[in-house]
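Just below is one structure, and these are the notes that go with it.
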Amino acid sequence: MSVINKMLRDLDSRQNNDMHDAVYVPPARKPWLLWISLLLLLLVVVAWGLSQWMLSNSPEIPVKPLASAVEPVPQSNVTQVHSSEKTEPDAQVQQGVTAEKKQTDSTPENVVMPEEKATAAAPELLVEQQKKISQEQTHSSTQKLVEQIAHLQKILADDNKSVTHNTVEEPLADSDKSEVDKTSSFSVKPVTQSQSQQVEELQTRIQYALAESANKEAEKLLNQLLSIKPTHSKARQMLANLYNTNGKYAEAQQVLQQGLVLNRDDVDVRVMLARFFTQQNHADAALELLEAYLPDIHTHIPYFALKASIADALARFDVALKTYQSLVAIQPQNSKWWLGVAISADRQSQFELAKKAYQNVLRYGHQSDSVSAFATKRLSQLRGE
62 MSVINKMLRD LDSRQNNDMH DAVYVPPARK PWLLWISLLL LLLVVVAWGL SQWMLSNSPE
122 IPVKPLASAV EPVPQSNVTQ VHSSEKTEPD AQVQQGVTAE KKQTDSTPEN VVMPEEKATA
182 AAPELLVEQQ KKISQEQTHS STQKLVEQIA HLQKILADDN KSVTHNTVEE PLADSDKSEV
242 DKTSSFSVKP VTQSQSQQVE ELQTRIQYAL AESANKEAEK LLNQLLSIKP THSKARQMLA
302 NLYNTNGKYA EAQQVLQQGL VLNRDDVDVR VMLARFFTQQ NHADAALELL EAYLPDIHTH
362 IPYFALKASI ADALARFDVA LKTYQSLVAI QPQNSKWWLG VAISADRQSQ FELAKKAYQN
422 VLRYGHQSDS VSAFATKRLS QLRGE
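Numbering of the sequence shown is given in the working numbering, commencing with residue 62 and proceeding in unit increments.
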């Protein structure tokens, strides 16, 4: 029994111990957990304040409107602007980014906790977004500037070329077509000179060529002038004279004959052609040419004097006498014409008329001593002295 009782007492004591152990004993509070929580909250507040300060102090890249970015470009600097237009805007953006980077690097470095990194990521994303927007706007402005300058340079290049009848148009973007139609409509119209302007310009060049003894160039310019104005008498005479000087007698004769075909009343061309015939020993052709047209003697005395001289050389004394008598009627005190009358009458045995004419030669004088001596001697012979 004692053994049983002992076992029961042991069992009872074990149960009491188990009940004693089952009683809840509240744990003692640990104050260091509260301090850790407060420290974490303080770090979060500091991180938020620091992020707000960085956002407010971050430099913003100024974005200029297109109207201020595109400045008027002088014509003389179009080529320089065109060559540097692609680099300058990018250089400005790069300078802005570099300046921002320097400012960012100059700020004091702070020890950022993991919680602070998560909070500071937001302002950095905003700054990066601002950079992208600024670069896109600057690139858009640069692209428009490049297109407008390229259009202007093409128009200026086409304007320096030879004159054309086509209108120069350069297609732009759809957004710029309306403005170009209003303000940048360029057209190249043909520049034509009047006939008088062309003649005046050629005359100046001809005078310069003759002054420089550039006969071939002068001949070329004179032919060009006659092709524009065939009735230009002075140019025709100058060209004929050049041909004659250079031994081109056939060309000289042809040029003058063409002038008479166009205008038979051109006395100067007719006289020049008659002189050419005389130089080539074709005095009969020269006299025929002068007899074919009789201008007003009062205004063309040299014409009739040449005719009388050629007739006298050809022994056509009837024609010579008639022509000299016409000249005497206009200039009765000209002893030269009286000498012509005297010789022509003397050759035709019209002695009375010849004596009167010799007397007028001596009367009006103005002749050389040899002519006066001849007139005196012949007059004495006719008088029978």
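For every residue, glycine included, the Cβ atom is placed at its ideal position computed from N, Cα and C.
Closer than 8 angstroms by C-beta to residue i: which residues in its own chain qualify, once you throw out the five before and the five after it? Chain order, please.
| i | result |
| --- | --- |
| serine 387 | Ile358, Phe365 |
| alanine 344 | Phe338, Ile371, Ala374, Leu375 |
| valine 422 | Ser396, Trp399, Leu400, Ala403, Gln428, Val432, Ser433, Ala436 |
| threonine 244 | For threonine 244, the pLDDT reaches just 46, beneath the cut-off of 50, and the residue's location in the model is therefore unreliable, although a value from the coordinates is still provided. Nothing listed; no residue qualifies. |
If you count every other CB in all the chains shown that lies within 10 Å of the CB of residue i, and 16 or more means buried, which is it?
| i | result |
| --- | --- |
| serine 405 | buried |
| glycine 320 | buried |
| arginine 424 | exposed |
| aspartate 430 | exposed |
| phenylalanine 412 | exposed |
| aspartate 379 | exposed |
| valine 316 | buried |
| glutamine 442 | exposed |
| lysine 67 | exposed |
| glutamine 298 | buried |
| leucine 282 | buried |
| leucine 314 | Reading off the sequence, residue 314 comes out as glutamine, not leucine. It counts as buried. |
| asparagine 449 | Outside the modelled stretch of the chain, which goes from 62 to 446, sits residue 449, for which no answer is possible. |
| arginine 75 | exposed |
| alanine 415 | buried |
| alanine 296 | buried |
| alanine 418 | buried |
| arginine 444 | exposed |
| leucine 101 | exposed |
| leucine 454 | Because residue 454 is not part of the residues shown, which for the chain are 62 to 446, the question remains open. |
| leucine 347 | First, the amino acid is wrong: residue 347 is alanine here, not leucine. It is buried - the Cβ of alanine 347 has at least 16 other Cβ atoms within 10 Å. |
| arginine 377 | buried |
| leucine 94 | exposed |
| leucine 440 | buried |
| aspartate 73 | exposed |
| leucine 287 | buried |
| valine 172 | Residue confidence for valine 172 is low, a pLDDT of 39 falling below 50, so the modelled location carries little weight and cannot support an answer. |
| isoleucine 267 | buried |
| aspartate 71 | exposed |
Using a Cβ-Cβ cutoff of less than 6 angstroms, which residues in the same chain neighbour residue i once the five nearest sequence positions on both sides are dropped?
| i | result |
| --- | --- |
| aspartate 373 | Ala381 |
| glutamine 22 | The structure shown has nothing for residue 22, since the chain only spans 62 to 446. |
| glutamate 312 | Tyr304 |
| histidine 361 | Val328 |
| tyrosine 269 | none |
| lysine 290 | Val260 |
| leucine 351 | Ala335, Lys368 |
| lysine 438 | none |
| glutamine 318 | none |
Who are the near neighbours of residue i in its chain, counting only those whose CB is closer than 7 angstroms to its CB and skipping five residues on each side?
| i | result |
| --- | --- |
| leucine 271 | Ala279 |
| tyrosine 385 | Ala369, Trp398, Gly401, Val402, Ser405 |
| glutamine 285 | Leu263 |
| glutamate 261 | none |
| threonine 265 | none |
| aspartate 327 | Ser294, Gly320, Leu321 |
| leucine 323 | Pro291, Thr292 |
| asparagine 276 | Leu303, Asn307 |
Segment contact, 8 angstroms Cβ cut-off, at least three pairs: the region 294-303 with the region 329-340: yes
Minimum length 4: unbroken alpha helix (DSSP H) runs contained in the region 256-281: 256-272
Any beta strand (DSSP E) of 3 or more consecutive residues that is wholly inside the region 300-337: none
Ordered list of alpha helix (DSSP H) runs contained in the region 335-395, each at least 4 residues: 344-352, 362-374, 378-391
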